[in-house]
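A short write-up of the structure that comes next.
Residue numbers (the UniProt record's numbering): 1 to 288.
This is the structure we're talking about:
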């Protein structure tokens, strides 16, 4: 009978070997990154903990440029994805409540891997890509070099396009789920009082779904801010985003750059941790 009290622990014991390996590898990497960011890297003779690397990195013009570029691409793409995604969710609520075909179509980008999305954006928007060729064939441009530079450009347009295309369906899915659960009586009352469709959308649906909208924004912003492959493959050579800059410093033949890259990694992790706390707070508010 006593053993029955501990039956609930059985699944955890079964998972224990895998958890030990995963947690061990994760904690090992975190501890190593923290130690190196504080200047402890015995491999190259650094054996004293110091905050000097944080000061050096956070005041470095290259880091500040990368930080601004990361914030710019992440914020702009997230805002665009949220605005378009919320509007699309509302339209789907009104036009296709039970249309499985439309539901499958708008979710399609979610299942497309980011590398495939990068290739798609590259093939479409590069100066020798599909759109440039179409415009050239239609004599809208006299030379394909007249097509605006949207890939590898200093404004990160290719990066933003990729993020927006991938993130709109996610925002739509999250917000649409909330919109479907809003009592239709609110809309009926507002309509009877003479409210327009726009007023109903802005004054009823938006406030009631705001916690979920904010949560979706935080999730996609956190991902975009810490993502590596999109800015690495579609971004300019300067400025780089923080993850790309950290990668470059980490792979440098000069091992003295390793603490620099780890400071960036710790900074990214700290930002992600803060965003997680905000996200959890929003989840609690949405459940009140």
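For every residue, glycine included, the Cβ atom is placed at its ideal position computed from N, Cα and C.
{"Check": "Count Cβ pairs between the region 78–92 and the region 234–244 that sit closer than 8 Å; are there 3 or more?", "Outcome": "no"}
{"Check": "Which runs of the alpha helix (DSSP H) at least 4 residues long sit entirely within the region 25–59? Give them in chain order.", "Outcome": "52–58"}
{"Check": "State the Cα-Cα distance for the pair residue 167 and residue 81, rounded to the nearest angstrom.", "Outcome": "6 Å"}
{"Check": "Measuring only the C-alpha atoms, how far is residue 276 from residue 230?", "Outcome": "22 Å"}
{"Check": "Check whether the region 203–216 and the region 169–184 touch, using three or more Cβ-Cβ pairs below 8 Å as the test.", "Outcome": "yes"}
{"Check": "By Cβ distance, which residues of its chain are closer than 6 Å to residue 217, with the 5 residues on each side in sequence left out?", "Outcome": "78 and 82"}
{"Check": "On the DSSP letters alone, give me the boundaries of the alpha helix (DSSP H) that residue 210 sits inside.", "Outcome": "206–226"}
{"Check": "Three or more beta-carbon pairs under 8 Å between the region 191–202 and the region 56–64, yes or no?", "Outcome": "no"}
{"Check": "Residue 158 and residue 234: beta carbons closer than 8 Å?", "Outcome": "yes"}
{"Check": "If you draw a straight line from the C-alpha of residue 199 to the C-alpha of residue 184, how long is it?", "Outcome": "15 Å"}
{"Check": "Which ranges would you report for the beta strand (DSSP E) in the region 58–120 if only whole runs of at least 3 residues count?", "Outcome": "none"}
{"Check": "Would you decide whether residue 133 is buried or exposed? Buried here means 16 or more other CB atoms lie within 10 Å of its CB.", "Outcome": "exposed"}
{"Check": "If you pair each beta-carbon of the region 31–42 with each one of the region 256–265, do three or more pairs fall below 8 Å?", "Outcome": "yes"}
{"Check": "Tell me the DSSP secondary structure of residue 239 in three-state form.", "Outcome": "coil"}
{"Check": "Can you tell me where the alpha helix (DSSP H) with residue 167 in it begins and where it stops?", "Outcome": "157–180"}
{"Check": "Among the residues of its own chain, which have a CB less than 8 Å from the CB of residue 160, if the five just before and after it don't count?", "Outcome": "73, 76, 77 and 80"}
{"Check": "Can the beta-carbon of residue 162 be found closer than 8 Å to that of residue 105?", "Outcome": "no"}
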